[in-house]
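Below: one structure, written as structure tokens.
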Amino acid sequence: MKQKIIQSIRIIMGFNIVSVFTLITSGYHSFLKACYRAFVAAHMVDITELSAIPQISLDQILGKVRPTIHMTIMSSENGRVPSDQAIAIIAILAKEQPKEVLEIGTFFGHTTRLIAENLPNGIIHTLDLPQEFNSKGDLKSIPKDDSHLIERRIVGREFIGSIYEKQIRQHFADTATWDFSEEGEPTFFFIDGSHTYEYCKNDSEKCFTLCKGRGVFLWHDCDFGHPGVVKFINEWRTMGRDIVRIEGTPIAYWKSF
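Last residue of the sequence shown: 326 in my numbering, with the numbers rising by one and none dropped.
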């Protein structure tokens, strides 16, 4: 109930001339999303909140380790982790060599495939919303600008039918209600699902419990456009968890042990 009230307030506060035009041209559901997007855009991260999360270089994270990684540089595609950011993720993965990985937010499966390609003996659990999920009927699950991604996604497109598919365990669920124990025993987490504060907190805390507090965590989109992620990261930092941002990327990193 509290979440629904908060969501309603956000929609009301996002009411503007653009949202009215959307109502006239595109209908009620598009109007509600336009109001929500307007609210989020008007409440982007304050620079002091983002700068409170210190930055370190990828070299500092890797230390003396210089891992060899395998990666095809691909053209840009909306919703895919860019190649320069994927390098950081895969380099850390190659250094850590976990037996099991959990990725929250499969989308087309570009990053999923990269993880499998660089972890030939590992198991990759990857999670996305149910295929029948109706983005028009569930605003609370959709952060800024994600509805159009959800509607056009082809989950796992990049690894289905490939030699890497045998390493990948595809799960479909809403993380707010899913039993995370279905994910095996991962110790490496890439969190890139819903970017609201509530979902980032939910996903991260459940991952922390799953690995019994001993894991490597990477969060995508820790930047000005995703206040929920930044708020959550700062909250965990106040608990003594030394989370940092990787220089030149919107990726936050923490090794808990």
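Even glycine gets a Cβ: it sits at the ideal position worked out from N, Cα and C.
Query raised in the report: Using DSSP with H/G/I as helix, E/B as strand and the rest coil, what is G317?
Result: Counting from 1 along the sequence shown, the entry for residue 317 is found at position 248. Three-state result, G317: coil.
Query raised in the report: To which residues does DSSP link V170 through a beta bridge?
Result: Counted from its first residue, the sequence shown places residue 170 at position 101. DSSP, once it has assigned bridges, lists I193 and F257 as partnering V170.
Query raised in the report: Going by the C-beta, is P151 closer than 7 Å to any heavy atom of the ligand SAM?
Result: In the structure on display, the ligand SAM does not appear, and there are no ligands present to speak of.
Requested in this report: Can you tell me which of the three DSSP states R306 falls into?
Outcome: As a working mapping, residue 306 is identified with position 237 in the sequence shown. Of the three classes helix, strand and coil, the one that applies to R306 here is helix, per DSSP.
**Report entry** Rounded distance between the beta-carbons of A155 and S183, thought under 8 Å
**Finding:** Locating residue 183 in the sequence shown gives position 114, counting from the first residue. Locating residue 155 in the sequence shown gives position 86, counting from the first residue. One detail in the question is off: residue 183 reads as Leu in this sequence, not Ser. Confirmed, about 6 Å.
**Report entry** V134 burial status per 10 Å Cβ neighbour count (16 or more: buried)
**Finding:** By 1-based counting over the sequence shown, the position of residue 134 is 65. Looking at its Cβ environment, which holds fewer than 16 other Cβ atoms inside 10 Å, V134 is exposed.
Query raised in the report: Apart from the five residues just before and just after T278, which ones in its own chain have a Cβ nearer than 8 Å to its Cβ?
Result: Position 209 of the sequence shown, counted from the start, is the residue given in the question as residue 278. For T278, where only same-chain residues beyond five positions count, the Cβ hits under 8 Å are F249.
Query raised in the report: How long is the line joining the alpha carbons of R222 and V298, rounded to whole angstroms?
Result: Here the question's residue 222 lines up with position 153 in the sequence shown. Here the question's residue 298 lines up with position 229 in the sequence shown. Going from the Cα of R222 to the Cα of V298 covers about 22 Å.
Query raised in the report: Roughly how many angstroms separate the alpha carbons of S120 and A321, rounded to a whole number?
Result: Walking along the sequence shown from the start, residue 120 turns up at place 51. Walking along the sequence shown from the start, residue 321 turns up at place 252. S120 and A321 have their C-alpha atoms spaced approximately 12 Å apart.
Query raised in the report: How many Å lie between D290 and P319 at the Cα?
Result: Here residue 290 corresponds to residue number 221 of the sequence shown, with the count starting at 1. Here residue 319 corresponds to residue number 250 of the sequence shown, with the count starting at 1. When rounded, the separation of the alpha-carbon atoms in D290 and P319 is 5 Å.
Requested in this report: Specify the secondary structure class of R179 as computed by DSSP and reduced to three states.
Outcome: Translated into the one-based positions of the sequence shown, residue 179 becomes position 110. Checking the sequence, you will find His at residue 179 rather than Arg. Reduced to three states, the DSSP call for H179 is helix.
Report task. Grab me the residues of K275's own chain with a C-beta within less than 8 Å of its C-beta, minus the 5 sequence neighbours each way, in chain order. Result -> Along the sequence shown, one-based indexing puts residue 275 at 206. T244 and F249, listed in sequence order.
Query raised in the report: What is the residue span of the beta strand (DSSP E) that L198 lies within?
Result: On the sequence shown, residue 198 is found 129 positions in, with the first residue counted as 1. Boundaries for L198: no beta strand (DSSP E) harbours it, and the DSSP string shows neither H nor E there.
Report task. Please go through the same chain and pick out, in chain order, the residues whose beta-carbon is closer than 7 Å to the beta-carbon of N187, but skip the five residues on each side of it. Result -> By 1-based counting over the sequence shown, the position of residue 187 is 118. Scanning its chain for C-beta atoms nearer than 7 Å, with the 5 sequence neighbours on each side dropped, one finds around N187 the residues I138, H139, I159, L162 and A163, in chain order.
**Report entry** Residues near D214 by beta carbon distance below 6 Å, same chain, minus five either side
**Finding:** Taking the first residue of the sequence shown as position 1, residue 214 is located at position 145. Interpretation of D214 is limited by its pLDDT of 46, a score under 50 that renders its predicted location unreliable; no figure is taken from the coordinates.
Report task. With a 10 Å radius around its C-beta and 16 neighbouring C-beta atoms as the bar for buried, classify G230 as buried or exposed. Result -> The count along the sequence shown starts at 1 and reaches residue 230 at position 161. By the neighbour-count criterion, in which a residue is buried when 16 or more other Cβ atoms sit within 10 angstroms of its Cβ, G230 is exposed.
Query raised in the report: Touch check for the segment 256–267 and the segment 230–239: three-plus C-beta pairs under 8 Å?
Result: By the Cβ test, the segment 256–267 is not in contact with the segment 230–239, since fewer than three Cβ pairs between them sit closer than 8 Å.
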